[in-house]
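**Q** My questions will all concern the structure given below.
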Amino acid sequence: MIRAGLANMFRKLHTTIRLNGTQVKEKLHHFEKSYQVLKKSRKELERGAEKQRIQRKTLNKTPYTKQHAQHVLKSRHDVPDGMLQSVMLGPTSNSDLRFLKLTRDKRLMYTILGVTGEQMRDSKLVAEDVRKFLARNQLEKAVLLARLAKGRGIVGMNKIIEHFCQESQDAKSAIDLYNWRKKWGIPLNEFTNTILFHGLAKLRDPLTEKQSQRVLKIASQLIEKGAMNQTEFNAALSSLVNGGDMDLVFQLFDARPKLIKGDKITYTLLLRAAAKLSDDARCMSRIDSIMAMLPKDCLDSRTMYEYCRAWHQRRDTNLSAVASIAIGKFFELESAFDGLDLPAGVNLPDLQYWGIEKRFRPDVHLVDLLFENLEKNKLHDLAWGFYQKLNIESPSLMRLSIYERLIRIVTSAYPTRCAEMAISIFHDLDTRHKVNKNSMILVYKAFEKQAIRKFINDSSSQIDTLLERLFSFAGELEGERAGDLRNKPLNWKAWIFCWNVVNKSNERRKLSLRRASWVLDQYLSTLLTGQTNVQNLNPQDHSGMRHVGIEAVRFLTYFLNFFKLPEQVNLEAISGVEREAFLYRRLILRLKERILQKVEVIEGKPGNVESIEESLKHTAQKLKKTKIPFEQQRTS
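In terms of UniProt numbering, the sequence shown opens at residue 1 and continues consecutively.
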């Protein structure tokens with residue numbers, strides 16, 4: 001018994017020694033047992049296998065060289081040499097996109113994307129590379145990089161969604177990418193939902209009905225999972241407001257979880273959605289219900305602005321005019337609703353309902369809305385009176401767009417004196433804002449509107465007054481110093497509008513010779529500056545110069561009538577004033593002919609531009625020095 005136990009113990013000891021022995025003993029034992037020489041021990045084999053595994057793993061994280069990548073494409077994917085030579089591989093190339101569809105070889109993808117496997121482990125580096133691809137408008141490479149990064153591509157994928165909304169203006173792709181990222185193993189973070197909804201809300205074109213339904217589905221799923229907060233909820237509402245079906249906005253609001261009570265932004269968006277309803281009755285019903293459940297802490301000037309804007313957007317003129325009354329009631333602008341009465345059946349709430357004793361202070365957005373409402377409902381006298389008061393008492397509330405709106409209002413409402421009113425508004429604008437070309441054009445349009453009225457163009461004195469104001473305004477803003485000319489000649493582009501006014505005011509042929517010759521002198525001064533030379537014009541200015549030339553010819557055709565001689569007259573026998581009139585008429589005809597030749601060249605017809613310009617300049621100089629025949633001027 002004892003001997004058997006000892007034998008068993010020694011047997012175990014022998015085995016233990018063999019298992020824990022050196023690699024040499026292991027090889028010796030293997031030789032004694034099988035008479036074969038073992039080159040590597042078991043541990044050596046395991047260490048070698050582990051080393052190879054690490055090497056393969058490291059190698060798989062490195063991209064191919066470009067030469068090896070071309071070899072792989074040629075050998076594995078049968079890409080011909082001609083195509084490889086014409087294509088550049090790398091992150092900045094757009095010609096290698098076709099190869100991404102051929103392979104799943106990550107090393108080849110790394111070569112095309114210009115990254116390594118180690119870089120893919122850093123989410124910050126991935127996001128930066130995605131940003132670079134998006135900056136070069138390489139959307140396919142940006143998406144592929146984020147997909148390869150998996151969980152490290154969260155920020156990068158957010159950037160791509162943001163790019164689709166802000167730069168590409170592509171709602172469908174942004175929503176598709178949001179859904180696909182789940183299949184690609186790229187999770188959401190705390191910013192993803194807000195980025196998507198906010199981006200969709202800022203699109204220039206509204207969402208289609210199908211896109212709005214998809215947004216509602218995404219938001220509803222988040223609510224069911226309890227994964228939506230107040231910020232995301234407001235962003236989702238905002239995106240639906242940018243759609244066509246406002247019922248979806250209220251459907252989402254009704255489905256809100258109990259933890260989301262709604263804030264100022266929420267109720268502002270609801271009012272904005274109600275304002276977009278085309279049916280006035282439905283809109284008013286919605287607005288009443290929103291205002292009834294509006295908490296006191298959610299009522300501010302922005303909320304009341306949207307409330308007034310909802311009234312403004314009504315189709316019915318009487319209902320739309322309520323906006324001006326509401327602005328005067330809720331904001332410190334008493335004059336806004338003077339002389340206006342509420343339609344029957346319409347009642348506006350009092351601020352005391354929410355415990356607010358003091359009206360809100362107005363801002364530039366509210367004042368702009370007020371003038372927009374007065375313009376829409378043709379309350380022009382109220383608009384003009386309120387402008388005069390506001391421009392004195394609170395000029396800081398008058399921004400550039402308000403002045404331009406006032407110019408349009410007076411042009412529409414006061415056609416026989418809109419030019420002088422527009423100039424007055426323009427001067428007020430000029431003292432507080434930087435003047436732009438659009439504001440000047442609006443004033444020119446006011447002159448054109450006044451010029452076509454019979455009250456103006458049927459009286460030579462009225463025409464004189466109008467044209468004096470026109471050229472005084474144009475010379476002040478668009479006059480240019482040139483050489484030894486006493487006055488500042490107009491910039492040639494000003495004549496695009498000046499000729500319109502001159503010719504429209506002369507529709508009844510009441511323009512006097514004195515005023516016509518004065519206008520011609522202004523035009524000749526512009527010609528002599530050389531700024532009208534075709535060689536000095538940009539191609540985009542050709543249409544404007546053509547218009548100036550045609551209108552000048554139209555004016556000269558009328559001007560020639562002042563120097564018309566009898567049909568049967570002996571030109572060789574005439575003398576004195578008649579001779580002067582004949583020679584002056586010939587100069588006008590020559591000027592007219594040269595201008596027509598110049599117009600033909602601008603239109604693309606053959607002609608010697610330099611010769612035409614030189615002849616035109618010479619004729620203008622001669623006309624400038626020639627006095628108008630006094631007899632015709634006196635008898636006219």
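Don't be surprised by glycine CBs; every beta carbon is placed ideally from N, CA and C.
1. I need the straight-line Cα distance from D263 to C298, nearest angstrom please.
2. If you run the structure through DSSP and keep just helix, strand and coil, what is F233?
3. Starting from F498, follow the alpha helix (DSSP H) in both directions and report where the run begins and ends.
4. Can you give, in chain order, each stretch of the alpha helix (DSSP H) that sits fully within the region 519 to 573 and has at least 4 residues?
5. Check whether the Cβ atoms of residue 638 and N193 lie closer than 8 Å to each other.
6. Under the assumption that R399 contacts V364 (Cβ atoms under 8 Å), give the Cβ distance between them as a whole number of angstroms.
7. Check this for me: beta carbons of L144 and L113, under 8 Å apart or not?
8. So does the region 448 to 468 actually touch the region 504 to 515, counting three or more Cβ pairs closer than 8 Å?
9. Please state whether DSSP places R408 in a helix, a strand or coil.
10. Report the rounded CA-to-CA distance for D300 versus K493, giving the unit in angstroms.
11. Enumerate, from N- to C-terminal direction, the unbroken beta strand (DSSP E) stretches of 3 or more residues contained entirely within the region 295 to 320.
12. What do you reckon, are the CB atoms on P63 and R107 nearer than 8 Å?
13. Quick check: the Cα distance between G151 and A281, rounded to an integer number of angstroms?
14. Taking DSSP as the reference, what is the three-state secondary structure of L340?
15. Of all the alpha helix (DSSP H) runs that stay within the bounds of the region 65 to 125, which reach a length of 4 or more residues?
16. Go ahead and label A580 buried or exposed: buried means 16 or more other beta carbons lie within 10 angstroms of its beta carbon, across all protein chains shown.
17. If we count the other Cβ atoms within 10 Å of its Cβ and call it buried at 16 or more, is Y387 buried or exposed?
18. Sorry if obvious, but does the Cβ on K258 come closer than 7 Å to a heavy atom of the ligand SAH?
19. Could you give the residue range of the alpha helix (DSSP H) that holds I612?
20. Determine, using beta-carbon pairs with one atom in the region 309 to 326 and one in the region 252 to 267, whether at least three such pairs fall under 8 Å.
21. Would you call the region 268 to 278 and the region 244 to 255 touching, i.e. three or more CB-CB distances under 8 Å?
22. From E375, W311, Y307, pick the residue whose C-alpha is nearest to that of L351; which is it?
23. Please state the DSSP three-state secondary structure of L369.
24. Pick out whichever of A255, V367, S278, F233 has its Cα sitting closest to the Cα of G244.
25. Do the CB positions of A171 and Q211 come within less than 8 Å of each other?
26. Nearest to N533 by CA position, among S472, E190, K598, Y584, is which residue?
27. Using DSSP's beta-bridge definition, name the partner residues of F331.
28. Provide the residue span of the alpha helix (DSSP H) that contains T266, from first to last.
29. Here's the rule I'm using: 16 or more other beta-carbon atoms within 10 Å means buried, otherwise exposed. How should Q392 be labelled?
30. Just mark M304 as buried or exposed, buried being the case when its beta carbon has 16 or more other beta carbons within 10 Å.
31. Skipping 5 residues on each side, what residues in its chain have a beta carbon closer than 8 Å to that of Q462?
**A** Reading it off the structure:
1. Using only the alpha carbons, I get a separation of about 6 Å.
2. It is helical.
3. Rather than Phe, the amino acid found at residue 498 in this sequence is Cys. Its alpha helix (DSSP H) spans residues 494 to 505.
4. Runs found: 542 to 559.
5. Here the chain covers residues 1 to 636 and nothing more, so residue 638 does not appear.
6. Correct: roughly 5 Å between the Cβ atoms.
7. It is a contact, given that the beta carbons lie within the stated cut-off.
8. Contact between the region 448 to 468 and the region 504 to 515 is present, with at least three C-beta pairs closer than 8 Å.
9. Reduced to three states, the DSSP call for R408 is helix.
10. C-alpha separation (whole angstroms): 48 Å.
11. Taking only runs of at least 3 residues, no beta strand (DSSP E) segment lies wholly in the region 295 to 320.
12. Contact flag set, yes.
13. Our two residues, G151 and A281, have alpha carbons roughly 51 Å apart in a direct line.
14. Coil.
15. Secondary structure within the region 65 to 125: the alpha helix (DSSP H) runs of 4 or more consecutive residues, fully enclosed, are 66 to 77, 81 to 86, 97 to 100, 106 to 113 (chain order).
16. It should be pointed out that residue 580 corresponds to Glu in this sequence rather than to Ala. Label assigned to E580: buried.
17. Under a 10 Å Cβ-count criterion, Y387 is classified as buried, with 16 or more other Cβ atoms of the shown protein chains found around its own Cβ.
18. Absence of the ligand SAH from the depicted structure is noted, as is the absence of any ligand whatsoever, leaving it without description.
19. 609 to 625 is the span of the alpha helix (DSSP H), which, as asked, contains I612.
20. At 8 Å Cβ cutoff, the stretches do not touch.
21. At 8 Å Cβ cutoff, the stretches touch.
22. Nearest option by C-alpha distance: Y307.
23. When secondary structure is reduced to three states using DSSP, L369 falls in the helix class.
24. Taking only the C-alpha atoms, the option nearest G244 is S278.
25. Yes.
26. Of S472, E190, K598, Y584, the residue nearest in Cα terms is K598.
27. F360, per the DSSP bridge assignment.
28. 264 to 275 is the span of the alpha helix (DSSP H), which, as asked, contains T266.
29. In the sequence as presented, Gln is not what sits at residue 392; that position holds Ile. With a threshold of 16 other beta carbon atoms within 10 Å, I392 falls short and is exposed.
30. When all chains shown are included, M304 counts as buried.
31. The beta carbon of Q462 sits closer than 8 Å to those of F455, I456, all from its chain and outside the five residues before and after it, given in chain order.
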